[in-house]
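*Asks:*
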Amino acid sequence: DETSCNGTTDYVATTVTGNRDSYQVSLSSIPDGATITNIAVTPCASKNKSSGSSVMNVFYRLNGANSADQGSYSLTGTTPVALATTNFSSLSIVKASSTALQVGAVYTSGTGGARLSRVATVITYTPTAPNAPSNLIANVFGTSTIVSLSWTDNSSNEQGFWVERGTDGVNFNFLATTTSAFYNNAPGSGTFYYRVKAYNE
63 DETSCNGTTD YVATTVTGNR DSYQVSLSSI PDGATITNIA VTPCASKNKS
113 SGSSVMNVFY RLNGANSADQ GSYSLTGTTP VALATTNFSS LSIVKASSTA
163 LQVGAVYTSG TGGARLSRVA TVITYTPTAP NAPSNLIANV FGTSTIVSLS
213 WTDNSSNEQG FWVERGTDGV NFNFLATTTS AFYNNAPGSG TFYYRVKAYN
263 E
């Protein structure tokens, strides 16, 4: 939860080879059903002692299972600094509401120990398109010029619905967006066609 790589003022440290430290990553901004394709991890670290050599790796933990260790950072000095980013690429993790992700570091080898001031991550994902709505119904009540549209919502991951209108059933123009499964329109006189799409990112 650190916002900056802040040198010697705030860090955890170890001199025990194999020690791991990891932190929970909030996935609330990633919609369920999206596919996580890359986890980029950027540590801020140094040695814990001025003498000796130190090698540190980073990893992620998905639903309690650790990934392979990567990075092979040769640590220097005793003031944590931002290190290169390690990418865990070519992933195909389908995010669910119960998916738990952590990122962290492991002290791999050496006698100088490791200091970790921060570990940052960027998650790359591809959202899953929502299922199309169905059963679009347009009702005009009596002599009213109001067309009442309603449809069946077949998805749980849409951000809303995109409503379009046309005059020939082939070419459509954007009309409005709504988060409800209904929409009222006053198109005037004539024959009109409507189309509704579910959308997300």
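Sequential numbering of the sequence shown, starting at 63, is according to this note's numbering.
Quick reminder that beta carbons are idealized off the backbone N, C-alpha and C, glycines included.
1. Can you tell me which of 233, 183, 133 puts its alpha carbon nearest to the alpha carbon of residue 89?
2. With DSSP as the reference, please indicate the residues paired to residue 234 in a beta bridge.
3. By Cβ distance, which residues of its chain are closer than 8 Å to residue 76, with the 5 residues on each side in sequence left out?
4. Is it true that the CB of residue 108 sits closer than 8 Å to the CB of residue 141?
5. State the Cα-Cα distance for the pair residue 85 and residue 221, rounded to the nearest angstrom.
6. With residue 246 as the anchor, note down where its beta strand (DSSP E) starts and where it stops.
7. Taking residue 259 as the reference, which of 65, 224, 245 has the closest Cα?
8. To the nearest angstrom, report how far apart residue 106 and residue 74 are at their CA atoms.
9. If you draw a straight line from the C-alpha of residue 257 to the C-alpha of residue 240, how long is it?
10. By Cβ distance below 8 Å, which residues in the same chain neighbour residue 63 in space, the five residues on each side in sequence not counted?
11. Assuming residue 72 is part of the beta strand (DSSP E), what are its boundary residues?
*Replies:* To lay it out plainly:
1. The shortest Cα separation from residue 89 among 233, 183, 133 belongs to 183.
2. According to the DSSP secondary-structure assignment, residue 234 is paired through a beta bridge with no residue.
3. Closer than 8 Å at Cβ, skipping near neighbours: 83, 110, 169, 175, 176.
4. Contact flag set, yes.
5. Spanning the two alpha carbons is a distance of roughly 29 Å.
6. 244-247 is the span of the beta strand (DSSP E), which, as asked, contains residue 246.
7. With distances taken between Cα atoms, residue 259 lies closest to 224.
8. Counting only the Cα atoms, residue 74 lies some 11 Å from residue 106.
9. Cα-Cα distance, rounded: 13 Å.
10. Since pLDDT at residue 63 reaches only 49, below the 50 mark, its modelled position is unreliable, and the value read off the structure follows with that caveat. Closer than 8 Å at Cβ, skipping near neighbours: 85.
11. Bounds of any beta strand (DSSP E) do not take in residue 72, whose DSSP letter is neither H nor E.
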